[in-house]
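*Asks:* Quick one: structure below, then a few questions.
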DNA sequence: CTGATGACGGCGC
DNA sequence: TGCGCCGCCATCA
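Numbering (this note's numbering), first residue to last: 3 to 135.
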């Protein structure tokens, strides 16, 4: 029998390699970001870009913001996420702005005029930006 | 497809 | 520090 030799798609052994470097699906990216945020220790903070990197999504700071904007989970420590300069990203005076300030202060973080201050001036940035890499 | 928008970031002054 | 400008990414009108 003349079998059809031209196999449709040979399952190349590099199939999983491809999948490995393929960009994460939106849902995957979302989960990774949430995980990264949940990994921020109590009383410490991290920048949006910082979180993105830790989630394996360098350059996606705005995606992190997007996720947070639609977050519903009250357990998520979203308040520990700040802009790179240490300032609260939410518009000053807004509900979220005050909420975030309140939550941070409740964890012993010093917040002044929407900006997080290091607990130990002079010393290495305590919580300015949470631990490297 | 083009332009606007936004819980961003880096740089320069 | 404060500001403005521009780059980036994902959505949406």
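Even glycine gets a Cβ: it sits at the ideal position worked out from N, Cα and C.
Our contact map puts residue 116 next to residue 99 with C-beta atoms below 8 Å; I'd like the distance itself, whole angstroms only.
*Replies:* Looking up residue 116 in the first chain gives position 114. Looking up residue 99 in the first chain gives position 97. Going by Cβ atoms, the distance from residue 116 to residue 99 rounds to 7 Å, so yes, they are a contact pair.
*Asks:* Only counting runs of 4 or more residues, tell me where the alpha helix (DSSP H) segments fall wholly within the region 21 to 52, in order along the chain.
*Replies:* As far as the region 21 to 52 is concerned, its whole alpha helix (DSSP H) runs of at least 4 residues are 28 to 40.
*Asks:* Might you give, ordered along the chain, the residues of its own chain that have their beta carbon closer than 8 Å to the beta carbon of residue 32, omitting 5 neighbours on each side?
*Replies:* Here the question's residue 32 lines up with position 30 in the first chain. Closer than 8 Å at Cβ, skipping near neighbours: 69.
*Asks:* Starting from residue 114, follow the alpha helix (DSSP H) in both directions and report where the run begins and ends.
*Replies:* Taking the first residue of the first chain as 1, we reach residue 114 at position 112. Premise fails: residue 114 lies in the beta strand (DSSP E), 112 to 114, not in any alpha helix (DSSP H).
*Asks:* What runs of the beta strand (DSSP E), each 3 residues or longer, lie entirely inside the region 64 to 124?
*Replies:* Fully enclosed beta strand (DSSP E) runs of 3 or longer: 112 to 114 and 117 to 119.
*Asks:* With 16 other CB atoms within 10 Å as the buried threshold, where does residue 44 fall?
*Replies:* Here residue 44 refers to the residue found at position 42 when the first chain is read from its first residue. When all chains shown are included, residue 44 counts as exposed.
*Asks:* Going by beta-carbon coordinates alone, are residue 50 and residue 38 separated by less than 8 Å?
*Replies:* Translated into positions along the first chain, residue 50 becomes position 48. Translated into positions along the first chain, residue 38 becomes position 36. No, these two residues do not count as a Cβ contact at 8 Å.
*Asks:* Report buried or exposed for residue 86, applying the criterion of at least 16 other Cβ atoms within 10 angstroms of its Cβ.
*Replies:* The count along the first chain starts at 1 and reaches residue 86 at position 84. Label assigned to residue 86: exposed.
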